[in-house]
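Heads up: the sequence shown begins at 0 in numbering that gives the first Met the number 0, then just goes up one per residue. Where is the CB? At the ideal position from N, CA and C, for every residue including glycine. Since the structure comes first, as structure tokens, the remarks are kept for the end.
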Amino acid sequence: MTAKLSFADVRAHLLAGDEIALVDVREEHPFAQAHPLWAANLPLARIELDAWRRIPRRDTLIVVYGEHEGADLAPLATERLATLGYTRVHLLDGGLEGWRQAGGELFRDVNVPSKAFGELVEHERHTPSLPAEEVKALIDSKADVVVLDARRFDEYQTMSIPGATSVPGAELALRVRELAPDPATRVIVNCAGRTRSIIGTQSLVNAGIPNPVAALRNGTIGWKLAGQVLDHGASRRAPEVGEAHRAEARTAAEAVARRAGVRWIEAEAIDALEAPGRTVYRFDVRTPEEYEAGHLPRFANVPGGQLVQETDHSVPVRGARIVLADDDGVRAPMTASWLAQMGWEVYVLAPQPALAYSERGATLAAQPATPATGRYRRPYEGTDAPAEAMQAYLDWEFGLIAQLGRDGTHGFKVL
């Protein structure tokens, strides 16, 4: 019989900083309706495909739940995990309903730790933002302004602010000086909703760029709710970075990361982080194109902005250690600075010789976070979401700080 852990047991492990994977084995849509803050979604149908990649250590403490439509998927999931060699698999005592009855906070939507963290950052740092109407007026008046879209390039192509350039999250601090070399140029950062706009804007503030910088308040959702028109199929990308700007960005990124408590590590010391009994995730935070051209062995590709945005998917073992790599000394430290503030023990790999990046292909690239079956449709996704759904999504995000306070397990410390 599979052992059980209670709500109190799981909470104690989270508060102690122990390694634990709280796994929801329902499909993504029911997961998005209600789940604990640190639950990771690993649908039953994908356990054999994804478990070893997402939970690499077989003796990880795993706690499983999965009630859906009168059935409990958790017992079958624990059997499959045991067959795969996992040795410390438990059921959540009472399942999700037991969590609720014990007073545990439940959250809606996906990537909730990252989104809640973004709201906390804005609340504590008063991250500057401008409403859609003001940004449009700046664009229409041909003011000295650049709009930088912090989402993935494919999201940017689906819909974007007119005239915006694609600069995915971790690229911002590296490339902003090429796009706005005049310190008088106003920089606007946007995403589809709020999180990546906030984190991107605050990244530039933290990195000390001299330009006035602000988030587009509520992103493309705010733009659409203001009755304004979006572009589709845009293809503007940031230029290559000159060495002088790269050096400035590197110095700033290292300073921010050290303030956040990030440590640097040599390649030969990484294996020691795993012993005894510790999970270590290795991520290359450069673009997919750079990764495919050559990367370090055993490093999976998760571009830095997406790693901060989808941390629960990429790092489902809370309490694990994370090592980040890049080839410029900017993207890994900036990404690490955010993960450290989210309570992770994070290291940046010391610069490697070019030869180390010789492995080709994307065999260790991160898999899509959202398989098609049972997928949850985000309210900010695509171009046809109803206004009511978009506003409800924003209202939900505004309430996340209060939920963090009630939950009490987040461990976030904003610089």
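Simplified DSSP assignment, three categories, for residue i
i	result
Trp395	helix
Leu203	helix
Glu358	strand
His312	helix
Gln366	Confidence is the limiting factor: at Gln366 the pLDDT is only 48, short of 50, which leaves the residue's position unreliable, though a coordinate-based value still follows. Coil.
Lys135	helix
Arg320	strand
Val307	helix
Tyr85	coil
Ser140	coil
Ala214	strand
Ser113	helix
Ser159	strand
Ala2	coil
Ile187	strand
Asp230	strand
Val255	helix
His409	coil
Which residues DSSP lists as bridging residue i, in chain order
i	result
Arg400	With the sequence shown as reference, residue 400 is identified as Ile, and Arg is not the correct amino acid for it. DSSP, once it has assigned bridges, lists no residue as partnering Ile400.
Trp263	Val347
Glu66	Asp71
Thr164	Leu147
Arg236	Ser165
Asp283	Asn300 and Ala324
Ile197	Ile197 is not bridged to any residue.
Phe106	His34
Rounded straight-line distance, which links the Cα of residue j to that of residue i
i	j	result
Gly221	Glu47	40 Å
Gly232	Pro167	16 Å
Ser159	Gly218	10 Å
Ser202	Ala172	7 Å
Thr369	Tyr375	Because Thr369 carries a pLDDT of 47, less than 50, the predicted location of this residue cannot be relied on, and no value is offered for it.
Thr200	Glu344	24 Å
Val9	Gly260	26 Å
Val62	Leu137	51 Å
His89	Thr77	7 Å
Thr286	Gly304	10 Å
Val347	Tyr155	28 Å
Ala149	Val329	16 Å
Residue from the options whose Cα sits closest to the Cα of residue i
i	options	result
Arg107	Ala206, Thr278, Ala38 and Ile54	Ala38
Asp23	Gly93, Pro42 and Gly97	Pro42
Ala401	Leu119, Ala31, Glu78 and Asn110	Leu119
Val413	Pro35, Leu13, Glu121 and Ala11	Glu121
Leu21	His28, Arg87 and Gln32	Arg87
Ala355	Ala324, Gly342, Gln340 and Leu338	Ala324
Glu291	Ser357, Pro315, Ala274 and Asp327	Ser357
Pro127	Arg193, His12, Val316 and Pro385	Arg193
Ala266	Val322, Val255 and Ala246	Val322
Thr1	Ala73, Leu338, Val188 and Gly318	Ala73
Gly318	Leu75, Phe411, Ala237 and Arg150	Phe411
Segment contact flag, the segment 160 to 172 with the segment 74 to 89, C-beta cutoff 8 Å, min 3 pairs: Contact between the segment 160 to 172 and the segment 74 to 89 is absent, because fewer than three Cβ pairs lie under 8 Å.
Three or more C-beta pairs below 8 Å linking the segment 201 to 212 and the segment 170 to 186: Using a Cβ-Cβ distance cut-off of 8 Å, the segment 201 to 212 and the segment 170 to 186 are in contact, since at least three pairs of beta carbons, one from each stretch, lie closer than that value.
Counting pairs of beta carbons, one from the segment 274 to 284 and one from the segment 297 to 315, are three or more of them closer than 8 Å? Segments in contact, yes.
Taking 8 Å as the threshold, find out whether the segment 328 to 336 comes into contact with the segment 308 to 318 through three or more Cβ pairs. Here the segment 328 to 336 makes no contact with the segment 308 to 318; the two share fewer than three CB pairs at distances below 8 Å.
With three or more C-beta pairs closer than 8 Å as the rule, is the segment 106 to 120 touching the segment 395 to 405? The segment 395 to 405 is in contact with the segment 106 to 120.
Cβ pair count under 8 Å reaching 3, the segment 87 to 96 against the segment 56 to 75: With a cut-off of 8 Å, the segment 56 to 75 and the segment 87 to 96 count as touching, because enough Cβ pairs lie within range.
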